[in-house]
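Q: Please read through the structure below; I'll follow up with questions.
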C-alpha cells in the first residue's frame, strides 16, 4: 500500500501543474492582501478598523490556496481518466478499492503540503505588509483560529477536488463545476437563499476561516457540514469508482 500511495503522490507532483498553480495562488493572495492593506490604511486613522483586525484579515487572505489544492488533486485524477491510464492503475494496484484509498491519502497529503506552505506565508504576511509603516501587527487568539481555519479548508479542498474528479471523470467538466460552484453558485445562493446557501461546502469553508460573510454558519456547524460533504462525496465516489466501467 505504501508503494501505491507513493505512486499516486508522484502523479500529483510530477510535471508543471503543481508549481504553476502554487505560484498563481501566491500571486492572488498577495494581490488580495495588498488590497486589504490599502483599504485598512485609510480606515486605521479613522478608528473604523484595528491593527488586530488587519492582522487577521491579512492571514485570512491566504484561503485562496484551497482552490489551487483542489485543482491540483482534481487534475491528477481526471488526467488518468482522460488518457485511459486508470485501467492499468487499477490492475497493477491490486484492485479499485486500494487505488481509491491511495488516491485519497495522496490528496490529503497534498492538501497538507499546500496548507503548511500557505500557513507559513499567511503567518508572515502581516509583518511583511506592515514593515516600515506606522502600524504594527497584533496577533490575537482570533488570528490563530483564522490561520488554523485557512489551513484546514486547504486540506479539505484537496480532498474535495480529488473526489469531484473521481465522480465527474471528465477534466474540463470537473474544472468548470469546481470553479462555478466556488465563484458563482455558493455566493449566489447565500445572497438569494441564505438558508440554503450557508450549507454549501464553499460557504461552510468561509465560516471556518472566518471570512466575515453575513449569514454563514457558526464554526462548529460549519465543520459538521464540511464533514458531511466529504462523506457524501466519498460514498458517491467510491460507489461510482467500484461499479462503473473504467475508460
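Numbering (the numbering used here), first residue to last: 51 to 297.
All residues carry an ideal CB built from backbone N, CA and C; glycine is no exception.
Since the structure is predicted, the reported quantities are computational estimates derived from the model, not experimental observations.
Let me confirm a value: residue 253 is counted as buried when at least 16 other C-beta atoms fall within 10 Å, else exposed. Which label applies?
A: As a first step, residue 253 is located in the chain shown; it is residue number 203 there, counting from the start. With 16 or more Cβ atoms within 10 Å of its Cβ, residue 253 is classed as buried.
Q: Under 8 Å between the Cβ atoms of residue 151 and residue 208?
A: The residue given as residue 151 occupies position 101 in the chain shown. The residue given as residue 208 occupies position 158 in the chain shown. No; because the gap between Cβ atoms is not below 8 Å, this pair is not in contact.
Q: Pair every Cβ in the stretch 79-87 with every Cβ in the stretch 235-247, then say whether three or more of these pairs are closer than 8 Å.
A: With the cut-off at 8 Å, the stretch 79-87 and the stretch 235-247 do not touch.
Q: Taking all protein chains shown into account, do 16 or more other C-beta atoms lie within 10 angstroms of the C-beta of residue 93, making it buried, or fewer, making it exposed?
A: Position 43 of the chain shown, counting from 1, holds the residue named residue 93. So residue 93 counts as exposed.
Q: Is it buried or exposed for residue 199, if we count other Cβ within 10 angstroms and need 16 for buried?
A: Here residue 199 corresponds to residue number 149 of the chain shown, with the count starting at 1. Result: buried.
Q: For residue 263, which of helix, strand or coil comes out of DSSP?
A: Walking along the chain shown from the start, residue 263 turns up at place 213. It is coil, neither helix nor strand.
Q: With 16 other CB atoms within 10 Å as the buried threshold, where does residue 245 fall?
A: Reading the chain shown from its first residue, position 195 is the one you call residue 245. Looking at its Cβ environment, which holds fewer than 16 other Cβ atoms inside 10 Å, residue 245 is exposed.
Q: Tell me which residues share the same chain as residue 280 and place their Cβ nearer than 8 Å to its Cβ, disregarding the 5 neighbours each side in the sequence.
A: Locating residue 280 in the chain shown gives position 230, counting from the first residue. Counting only Cβ-Cβ distances below 8 Å, and skipping sequence neighbours, we find 206, 209, 210 and 213.
Q: Since residue 128 contacts residue 215 with CB under 8 Å, what's their CB separation in whole angstroms?
A: Working through the chain shown from its first residue, we reach residue 128 at position 78. Working through the chain shown from its first residue, we reach residue 215 at position 165. Indeed, because the Cβ distance is near 5 Å, the residues count as touching under 8 Å.
Q: Need the endpoints of the alpha helix (DSSP H) that residue 179 sits in, please.
A: On the chain shown, residue 179 is found 129 positions in, with the first residue counted as 1. Per DSSP, residue 179 belongs to the alpha helix (DSSP H) from 146-179.
Q: Sorted by chain position, which residues of the same chain lie with C-beta nearer than 6 Å to residue 298's C-beta, five sequence neighbours on each side aside?
A: The structure shown has nothing for residue 298, since the chain only spans 51 to 297.
Q: Nearest-angstrom Cα distance between residue 115 and residue 177?
A: As a first step, residue 115 is located in the chain shown; it is residue number 65 there, counting from the start. As a first step, residue 177 is located in the chain shown; it is residue number 127 there, counting from the start. In a straight line, the C-alpha of residue 115 is about 20 Å away from that of residue 177.
Q: Starting from residue 138 and walking both ways along the alpha helix (DSSP H), at which residues does that stretch end?
A: By 1-based counting over the chain shown, the position of residue 138 is 88. Element bounds for residue 138: 135-142.
Q: With the cut-off set at 8 Å, would you say residue 171 and residue 272 are in Cβ contact?
A: As a working note, residue 171 is residue 121 in the chain shown. As a working note, residue 272 is residue 222 in the chain shown. Going by C-beta atoms, residue 171 is not nearer than 8 Å to residue 272.
Q: At the level of alpha carbons, what is the spacing between residue 232 and residue 222?
A: In the chain shown, the residue the question calls residue 232 occupies position 182. In the chain shown, the residue the question calls residue 222 occupies position 172. So the alpha carbons of these two residues sit roughly 15 Å apart.
Q: Under a Cβ-count criterion, where at least 16 other Cβ atoms within 10 Å of its own Cβ denotes burial, should residue 174 be classed as buried or exposed?
A: Here residue 174 corresponds to residue number 124 of the chain shown, with the count starting at 1. Residue 174 should be labelled exposed.
Q: I'd like to check one pair, residue 203 with residue 283: are the Cβ atoms closer than 8 Å?
A: Residue 283 sits at position 233 when you count from the first residue of the chain shown. Residue 203 sits at position 153 when you count from the first residue of the chain shown. Contact flag unset, no.
Q: Taking only runs of the alpha helix (DSSP H) that begin and end inside the stretch 175-244, which ones reach a length of at least 4 residues, in chain order?
A: Complete alpha helix (DSSP H) runs here, min 4: 191-218, 221-230 and 236-242.
Q: Taking 7 Å as the cut-off, is the C-beta of residue 290 nearer than that to any heavy atom in the ligand GDP?
A: In the structure shown, the ligand GDP is absent, as is every other ligand, since no ligand is present at all.
Q: On a CA-only basis, which of 120, 54 and 95 is nearest residue 68? Give me that one, please.
A: In the chain shown, the residue the question calls residue 68 occupies position 18. Of the listed residues, the one whose Cα sits closest to residue 68 is 120.
Q: If you reduce the DSSP assignment to three classes, tell me which class residue 117 lands in.
A: Numbered from its first residue, the chain shown carries residue 117 at position 67. Helix.
Q: Considering just the uninterrupted stretch of the alpha helix (DSSP H) at residue 88, what are its terminal residues?
A: Residue 88 sits at position 38 when you count from the first residue of the chain shown. Element bounds for residue 88: 67-93.
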